[in-house]
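Residue numbers (my numbering): 8 to 162.
Built from N, CA and C at the ideal position, the CB exists for glycine as well.
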Amino acid sequence: MKFLLKAFFFLNIVSVMRNRNYRTRGFTLIEILAVLIILGLLAALIVPNIIGRVDQSKIETTKLQMKAIKNALDQFKMDNGFYPTTQQGLKALVEKPNIPPIPKNWHQYMEKVPKDAWGNDFIYISPAPNRPYDLKSKGPDGIEGTKDDIDIWEL
Numbered sequence: 008m009k010f011l012l013k014a015f016f017f018l019n020i021v022s023v024m025r026n027r028n029y030r031t032r033g034f035t036l037i038e039i040l041a042v043l044i045i046l047g048l049l050a051a052l053i054v055p056n057i058i059g060r061v062d063q064s065k066i067e068t069t070k071l072q073m074k075a076i077k078n079a080l081d082q083f084k085m086d087n088g089f090y091p092t093t094q095q096g097l098k099a100l101v102e103k104p105n106i107p108p109i110p111k112n113w114h115q116y117m118e119k120v121p122k123d124a125w126g127n128d129f130i131y132i133s134p135a136p137n138r139p140y141d142l143k144s145k146g147p148d149g150i151e152g153t154k155d156d157i158d159i160w161e162l
């Protein structure tokens, strides 16, 4: 901020000195360069913050979608006594599965199966080791098994 004040003060002094001798129109090259430098510095400070927030908002959106799927899976289990199998997949929340075990008290739990914020399908495995199911997103890089993956059990 001090830099900005100094730059504007410098521009004002140059302008006053020019106006004492004669009146001119337009801007000098130094004034234009000073403004461009100031705009460049502002852009360098602001743009990374905006880009970082877009990535973070996609992660938060994916977490919210996963929580909605988890709630639908829990409702499915309460109604039918089991979670959909891996073969039935998350599609069992949208349309009645015809792969055994067939749910007896099925109803539509979601309008459609959502994709994560990057347009990828969620990974659903049931039953999973030490858990009733696994629900994951591949994360920003779109590659399964990397450290940016999002797991429902780690939210």
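Item, Value
"Spatially closest choice to ASP148 from PRO136, GLY126, MET85, LEU36, by CA coordinates", "GLY126"
"Top-ranked residue by Cα proximity to ASN87, from GLU38, LYS77, PRO108", "PRO108"
"Distance between beta carbons of SER133 and THR68, contact taken as under 8 Å", "Actually they are not in contact, since the Cβ atoms of THR68 and SER133 sit about 24 Å apart, beyond 8 Å."
"Supposed close pair GLN94, ILE106 - CB separation, criterion 8 Å", "5 Å"
"Distance cut-off 8 Å: LEU49 Cβ against heavy atoms of the ligand COA", "Ligands in the displayed structure: none, and consequently the ligand COA is not present."
"Three-state class that DSSP yields for ALA124 in the structure shown", "coil"
"Environment of SER144 [buried if 16+ CB atoms lie within 10 Å]", "buried"
"Close-in-space but distant-in-sequence residues of the same chain around ASP97 (CB under 6 Å, 5 per side omitted)", "The residue asked about is misnamed: residue 97 is Leu in this sequence, not Asp. Cβ neighbours of LEU97 beyond the five flanking positions: VAL120, TYR131."
"Cβ shell of TYR90 (< 7 Å), same chain only, five flanking positions each side left out", "LEU80, PHE83, LYS84, SER133, PRO139, TYR140"
"For ALA124, the nearest candidate out of LEU52, ALA50, ILE157 (CA to CA)", "ILE157"
"ALA50 burial status per 10 Å Cβ neighbour count (16 or more: buried)", "exposed"
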